[in-house]
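Let me begin by presenting the structure, written as structure tokens, before commenting on it.
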Amino acid sequence: MPRPLRSENLQGTLDLLVLKTLAARGALHGYAISTHIQQVSDDFLRVEEGSLYPALHRIEGLGWISSEWSTSSTNRRVKLYSLTAAGRRQLEIEQKRWDELTLAVKKVLECYG
Amino acid sequence: MKLRSMWNRRLDEDLQDELRSHIELKAEELEANGIPRDEALLEARRRFGNVTLVAESTRELHVFTGIESIFQDIRYGLRRLRREPGITAAVVVTLGLVIGVNGAIFSAVEAVLLRPLSYPEPDRLLQLYGTTKDSSQDGISIADLEALASVPSLAGIAAEQTQSVNLTGVEEPGRLIGGFVSSSYFGILGVTPVLGRGINAEDEKPNGPGVCVLNYAVWRDRFGSDPSVLGRSLILNNAAHTVVGILPESFRPRHTNAEAWMPVRDYPGYSRDRARTPVFALARLAPGATIQQARAELGGVMLRLAQEYPKTNRDRGVAVSALSEIAVGARRNPLLVLSAAAACILLLGCANIAGLLLAKAVGRKQEIAIRASLGAKTGRLMRQLLTESLLLAGAGGVVGMIFADLGVTMLRVYSPDLVGSTELRLNPQVLAYLAVVAILTGILFGLAPAFNARTQATASLRQRGDTRRRRFQNALVAGQVALALILLIGAGLMGASLRNVAAIEPGFRAERVLTMEYRLAPGKYASASRQATMQYRIVESVASVPGVASAALVGALPFSGNANRISITLPDRPEPLAIGYNPISPGYFRTAGIPLLKGRDFSFADAENSQAVVLVNRTFADRFWAGKDVLGRQIRISTGASASTPVTIVGIVGDVKQFGLAEGNEPQLYRPYAQDPYDFATLVVRTKGDPMELAKSVKQAIWAVERQQSVWKVRTLEYLVDRSYNFLRYITWATVAFAALALLLAALGLYGLLSYTVNQRTAELGIRMAVGATPADVLRLVVRDVLTLTGAGVVTGIVFALWLTRFLQSQVYGVTTTEPAIYLGVAILLLIVALVAAWFPGRRAARLDPVMALRQQ
């Protein structure tokens, strides 16, 4: 198994991952977001709490996600985040930019076969 | 700190809850995998790491609108400002100057325009003048005044007259300005004496005991605030007056300068003859009444009186104006002009600082980009920049207060005519105004960099933001040039007016002439001829003083503010005419240097019983008998209700300006004192040396004839003429100072922008030079920029100036507000200054080493 990539090395990418996760799974609390990303990436992407919560609050501040307190299935008080309309637009932008970036990187790498 | 924790407690708890729930969810999961609860919780905590650290970093990024982050902004801002002491100092001083200028001018506006009168309900006070066919500022007869008192729209009406009175029985005879008023006067103004009482109805009765009420300042300065002055007897105009009251210190009437108040019947010119109009009137509107109603009702009474007494009251009316209007009077326009100029300076200063901060903000591009990518919201970035601007504004406000205080002192010392008797000071109103101005300027000049930060944060490093910003910076500089141009044109117009006025000939020779005023004690001389004899004896005594070339008397000296009018009838015109009049002693024209154009001067042979003679001025002769022989003609002078004296014109003298250089010439008539005895006189003395040096011996010469004679207003004629256009001079110098400040600010703005542009374009210029551009070409590029910017500013400024200077119309003399020479001169001056400001950055650009320039990039 490759060495897990810590989220601090993912500056800028974390936003995309959070937005995408919320788009796919609906309202989630912070812990669920981090476990989801970890599971879906086969443990390759490990989201640190130290990056996750600042990012969540920042993104919320930008109006891309909103939050509300709710109760979990285990009857625990949790803060649920969900995507806003602005977040959906932002997701599209970031996803497109990511695709362009990976494509460009790929082109460079494949240049000499 | 307490406030901060209170403010954030809820948000903090929220965050703590969220992080705690994260740990517990993790623990739950571990538990589900079979780990015991205690261990699971421990492990979850371990894996989470430092909760406080996470909370801290989250909080930092979180955009609180709270006070905590404001403190942060302020701390951060202060750090930044300290790191750039040069820019900070430049901004604070510029701000201090522009705020100070505004504060000083506002203190004058506040004192003169906003609180012109310190009485209760000052808006309801009215000033009443009598009107005739020729004059709107005549007096009112006592009988007419009594008739006017009954109109329903007035709550009260009082006679008011001011005249100097002799104060004798003291060591050196002195003079007080007497206010002669009805007993209702102080009640109408709403003033209560601090000691004793006012003037009551009892005091007004004929032959009652003489009383007087003193102003606080007289009580303080002459009687050392001694309360026992009440009941003391003062000899005023040779009659005993018991002091019955002292007025409060706050009583500083703006419309009169009276110091000692007496019943109106003590006024020397008091008469119950309807043909005589000795007094003016002060009135208070009844509750609910308007000035229009009062005007209509008073006019109605005057019409009725005109029908009842056609002989005396034909064409007599009454003019009603608000007292505040009279108190503010001619000061309004100059003050508004100065305020507008100060506002221009303020705008200019803001544009200047905005330009400076904007250029600085570009240097912070990197920082802003990093902070933006770290997640700082653009709103937060803008707020940070605004906080910095407000910090600067605060510092500028404090410095501005110092400058304002300085400005107020200067206004007080150099421009007494502008502010009159009002006390100027930085009172709470002015300080509040300063604070508001400082905050507004902070926001105003902070907006540009703040918006720039927003563009940069969102559009990051895109070129579009740069172009827009550059365009905005150019507009700022062009705006500064335009504002400076407007102020320069204003200063040019005022300067031209001042030059024109100073060049006007007054009609006499003012150099080496000493003047002083006195009034022979009313009622002291048994007959009019005794009075005239005394006047001539005084002149004779003064003329014999060594160092005196000649001496004479005149009733109302030009430029002294005094003036007499007299009613005459010409042979071919039955209508009486009110014209300027002066009783003089023989030798007045020679002493004052007024040319005798035709006929003869008066001599001592023109006595009481010889032929009644008059001299007229050139305007008189030209207006009534243009081109015809004037000498020997007879006119009649009204001396009472029906009586008139025929007098013969024996000479024509040159025109003399009576009130000011810029005034037109009015018909004037002169009679010898011997044929029209008059208690008041201004002594005019032409001296061989320095006039003021003779003042003492001249006074001694007067006292040699009349031991107890008050003498006042000892001054030179040159001083009087000079003082007459002080007002214009102050306004001019203030405008010139403002314009110079504006020019300096605009030049600095241009210099700053160009220096910055040259730095920005180093690479481009390097390339141009590498491919063969000469230093001259590069210099030309920079100069072209300057000319474009300045040209745009000049054109805009001229358009605005053409519109704005119309408001200066009433302040300028001998020059039109669209004078092309001034516009052209100012435009050229600005272009030259702009080129000088551009010279240094231009030279730097021309000296660029292309290789170095390219490598730098």
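Just so you know, the sequences run in chain order A and B. Oh and the first sequence: position 101 is 356 in the numbering used here, straight run, nothing missing. Oh and the second sequence: position 55 is 53 in the numbering used here, straight run, nothing missing. From the three backbone atoms N, C-alpha and C, an ideal C-beta is built for every residue, glycine too.
- Thinking C-alpha only, which one of Val277/B, Ser248/B and Ala790/B is nearest Val262/B? Val277/B
- Residues in the stretch 283 to 310 of chain A with C-beta within 9 Å of chain B's C-beta atoms, listed in sequence order? His284, Gly285, Tyr286, Ala287, Ser289, Thr290, Glu303, Glu304, Gly305, Ser306, Leu307, Tyr308, Pro309 and Ala310
- Item | Runs of beta strand (DSSP E) lying entirely within the stretch 561 to 593 of chain B, each at least 3 residues, in chain order | 562 to 568 and 571 to 582
- Nearest to Arg759/B by alpha carbon, out of Val776/B, Gly770/B and Gly747/B? Val776/B
- Item | Val475/B versus Leu496/B: straight-line alpha-carbon distance, rounded | 31 Å
- Complete runs of the beta strand (DSSP E) confined to the stretch 725 to 779 of chain B [at least 3 residues]: none
- For the stretch 249 to 317 of chain B, list the alpha helix (DSSP H) runs that are entirely contained and at least 4 residues long, ordered along the chain. 289 to 306 and 308 to 311
- With DSSP as the reference, please indicate the residues paired to Pro644/B in a beta bridge. Arg634/B
- Whole-angstrom distance between Gly185/B and Gln70/B, CA atom to CA atom: 60 Å
- By the criterion of Cβ-Cβ separation under 8 Å, what are the contact partners of Arg332/A in chain B? Asp15 and Ser19
- Message: Which of the three DSSP states is assigned to Gly493/B in this structure?
- Response: helix
- Compute the distance between the beta-carbons of Ile484/B and Gly747/B, then report whether it is under 8 Å. no
- Spell out whether any CB of chain A is found under 8 Å from the CB atom of Thr56/B. yes
- Query: Are there 16 or more other CB atoms within 10 angstroms of the CB of Gln471/B, so buried, or fewer, so exposed?
  - Reply: buried
- Can you tell me the Cα-Cα spacing of Arg35/B and Ser328/A, whole angstroms? 18 Å
- Task: Mind checking the stretch 324 to 348 of chain A against chain B and listing, in chain order, the residues whose C-beta falls within less than 9 Å of any C-beta there?
- Result: Trp324, Ser327, Thr329, Arg331, Arg332, Val333 and Lys334
- Query: If you draw a straight line from the C-alpha of Glu108/B to the C-alpha of Ser337/B, how long is it?
  - Reply: 11 Å
- Query: How about Tyr336/A and Leu271/A: are their beta carbons less than 8 Å apart?
  - Reply: no
- Under a three-way DSSP split, which group does Asp653/B fall into? coil
- Residues, ordered as in the chain, of the stretch 314 to 347 of chain B that lie near chain A by beta-carbon distance below 7 Å: none
- Query: Taking the alpha helix (DSSP H) that Ser539/B falls in, what are its first and last residues?
  - Reply: Ala526 to Ala541
- Can the beta-carbon of Ala256/B be found less than 8 Å from the beta-carbon of Leu234/B? no
- So, using beta-carbon positions, are Val241/B and Leu232/B closer together than 8 Å? yes
- Item | Val110/B burial status per 10 Å Cβ neighbour count (16 or more: buried) | buried
- Task: Tell me, please, whether the CB atom of Glu22/B is closer than 8 Å to any CB atom in chain A?
- Result: yes
- Can you list, in chain order, the residues of the stretch 783 to 812 of chain B whose Cβ is nearer than 7 Å to any Cβ on chain A? none
- Alpha carbon to alpha carbon, how far is Ala732/B from Pro332/B? Give it in angstroms, no decimals. 11 Å
- Query: If you measure from the beta carbon of Val90/B to each beta carbon in chain A, is any gap under 8 Å?
  - Reply: no
- Per DSSP, which one or two residues make a beta bridge with Met514/B? Leu681/B
- Message: Please identify, using Cβ separations under 8 Å, the residues of the stretch 29 to 47 of chain B that lie next to chain A, in order along the chain.
- Response: Phe46 and Gly47
- Query: Can you give the beta carbon distance from Ile175/B to Thr160/B, rounded, assuming they're within the 8 Å contact cut?
  - Reply: 6 Å
- Query: Within this structure, are the beta carbons of Val614/B and Val645/B separated by less than 8 Å?
  - Reply: no
- Query: Using a beta-carbon distance below 8 Å, is Val411/B in contact with chain A?
  - Reply: no
- Item | Under the three-state DSSP convention, the category Pro352/A falls into | Going by the sequence as given, residue 352/A is Arg instead of Pro. Helix, per DSSP.
- Query: What is the rounded straight-line gap between the Cα of Ile582/B and the Cα of Trp623/B?
  - Reply: 24 Å
- Task: Compare the C-beta of Glu26/B with all C-beta atoms of chain A and state if any pair is closer than 8 Å.
- Result: yes
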